[in-house]
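In the working numbering, each residue's number is its place in the sequence shown (first place is 1) plus 1.
We put the CB at the ideal spot given by N, CA and C, even for glycine.
In this text, all values refer to a predicted model and were calculated from it rather than measured experimentally.
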Amino acid sequence: MIRNTTLSLLIMALSACSAPVTRQAGIDNSHSETEKTLQRELAFQSQVNRSLKAQRIGLPILRESASHCGSNTAPHLGFLAFTRAHFKGELQEAASKHWQLSDEYKIVEVFANSPASKAGLKPGDVVVRINNQAVTPSNYELRKLIAGPYTTGLPVPVEIMRAGEAQTLTLEMEVICNYPVNVVSSDAVNAYADGKAIYITSGMMRFTETDEELATVIGHELAHNQMDHIGKQSNNRMLGVILGAIVTVATGVDVTNLGGNMGAGAFSQDFEAEADYVGIYATARAGYDIKQAPNFWRRMGAEHPAGIAHGASHPNTANRYLALDKAVQEIAEKQTAGLALAPNLK
């Protein structure tokens with residue numbers, strides 16, 4: 002009873018709040034639903050364009066760094082294909098309309114200089130068989146279909162339907178670093194790696210002004226995975242927890258979590274500096290022009306002035322500019338001398 006009385010009093014009080022005084026035109030509900038559908042389609046197209054751009058720019062970096070990724074590599078044919086079933090809810094309607102999807106496995110993108118483009122695959126082709134295995138709604142995971150050729154290095158036959166005619170094309174499979182490039186919806190100007198993949202925010206996609214800048218970001222995140230920085234930080238955290246537990250037993254003051262956090266932060270700036278250094282090599286190997294790469298950190302400093310002179314987990318942007326500039330000069334000297342583009346190790 003008290004709760005209901007309080008709620009009634011609150012509603013009565015709010016009824017006295019100021020309200021708009023203009024008379025606006027009414028909105029037809031059907032028009033509103035139509036506009037919502039259109040905006041969902043536009044949002045989907047924007048997401049697709051950002052995702053394809055990141056994958057297009059990232060692919061040469063993943064390809065040319067395959068020999069530097071150890072055993073963490075994967076087969077790649079160079080095309081994207083979907084059915085309606087790949088998407089759920091509102092996305093299914095938007096994706097189906099954007100690409101005219103059905104239950105068939107339809108190619109929607111063929112990346113330049115990939116096995117698919119060299120073999121002649123085109124967007125709109127419907128994939129019927131891969132490696133002589135039928136592609137069905139329950140069997141369209143590429144890695145399973147090309148597992149055999151991947152281990153043997155044999156070409157991959159791909160049977161397609163194009164304009165109602167069956168064709169079989171042969172793809173020479175390539176191997177790339179097994180760290181997919183993903184775009185995540187966030188206005189933060191950020192990118193990160195988790196040891197399994199590379200993530201670029203939509204805010205970072207908007208912030209980067211050139212393909213070369215985005216390639217520099219992707220190369221940096223690839224380096225985090227390639228150098229196992231995530232695993233090393235996890236080990237350092239565990240060591241910190243253990244040392245914190247020992248201090249806790251000795252003093253009676255619980256510093257276990259503090260020790261873990263201090264361990265995780267150990268060498269954090271050094272890992273970031275190493276990722277800048279190793280990453281710019283990956284970007285250069287992929288054929289991108291890296292001469293202007295250091296300027297990315299000048300622009301980042303202008304965007305986030307607090308990071309110009311001070312950095313917590315990351316080096317300050319001034320030092321990142323200077324270090325990357327030296328790395329670019331080092332790479333240029335190796336290119337002139339015809340040396341392999343590999344980072345200098347201790």
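Helix, strand or coil for residue i per DSSP?
i, result
"F83", "strand"
"N50", "helix"
"K89", "coil"
"V329", "helix"
"L215", "helix"
"V22", "coil"
"T337", "helix"
"P150", "helix"
"P156", "coil"
"T209", "coil"
"L172", "strand"
"A113", "coil"
"I231", "helix"
"Y322", "helix"
"A307", "helix"
"Y278", "helix"
"S66", "coil"
"K292", "coil"
"I28", "coil"
"G95", "In the sequence on display, residue 95 carries Ala and not Gly. Helix, per DSSP."
"A287", "coil"
"G121", "coil"
"A343", "coil"
"A224", "helix"
"A267", "Summary for A267: the model assigns pLDDT 49, below 50, so the residue's position carries little reliability, and this model does not support an answer."
"Q101", "coil"
"A17", "coil"
"P61", "helix"
"T6", "helix"
Would you decide whether residue i is buried or exposed? Buried here means 16 or more other CB atoms lie within 10 Å of its CB.
i, result
"N183", "exposed"
"G280", "buried"
"H305", "exposed"
"V157", "buried"
"K37", "exposed"
"P316", "buried"
"S203", "buried"
"I12", "exposed"
"P138", "exposed"
"L325", "buried"
"C178", "buried"
"E222", "buried"
"N394", "Since the first residue of the chain shown is 2 and the last is 347, residue 394 is not available in this structure."
"Q230", "Contrary to the premise, residue 230 reads as His rather than Gln in this sequence. It counts as buried."
"S366", "A query on residue 366 cannot be resolved here, the shown segment of the chain reaching from 2 to 347 and no further."
"R207", "exposed"
"K107", "buried"
"S31", "exposed"
"G90", "exposed"
"G154", "exposed"
"G264", "With a pLDDT of 46 at G264, under the threshold of 50, the modelled position of that residue is not reliable, and the figure given next carries that caveat. That one is buried."
"V242", "Because the pLDDT at V242 is just 49, under 50, the model does not fix this residue reliably, and the value given afterwards should be weighed accordingly. By the 10 Å Cβ count, V242 comes out buried."
"L146", "buried"
"L81", "buried"
"G220", "buried"
"E273", "buried"
"Q25", "exposed"
"Q40", "exposed"
"P21", "exposed"
"L43", "exposed"
"T35", "exposed"
Could you please give me the residues that DSSP links to residue i through a beta bridge?
i, result
"C178", "T74"
"Q134", "I131"
"A194", "I199"
"E166", "R163"
"K107", "F83 and V127"
"A185", "Checking the sequence shown, residue 185 turns out to be Val, not Ala. V185 pairs with T202."
Decide if the segment 159-176 is in contact with the segment 110-120; the criterion is three or more beta carbon pairs, one per stretch, under 8 Å apart. Cβ pair count under 8 Å is three or more, so yes.
Taking contact to mean 3 or more Cβ pairs, one atom from each stretch, closer than 8 Å, check whether the segment 195-213 and the segment 48-65 are in contact. With a cut-off of 8 Å, the segment 48-65 and the segment 195-213 count as touching, because enough Cβ pairs lie within range.
Contact between the segment 41-57 and the segment 69-78 (3+ Cβ pairs under 8 Å): The segment 69-78 and the segment 41-57 do not touch, with fewer than three beta-carbon pairs separated by less than 8 Å.
Do three or more CB pairs link the segment 60-72 to the segment 85-95 at distances below 8 Å? No: fewer than three Cβ pairs fall under 8 Å.
Does the count of Cβ pairs from the segment 182-198 and the segment 118-137 closer than 8 Å reach three? Contact between the segment 182-198 and the segment 118-137 is absent, because fewer than three Cβ pairs lie under 8 Å.
Cβ contact check for the segment 158-168 and the segment 192-209: 3 or more pairs under 8 Å: Contact between the segment 158-168 and the segment 192-209 is absent, because fewer than three Cβ pairs lie under 8 Å.
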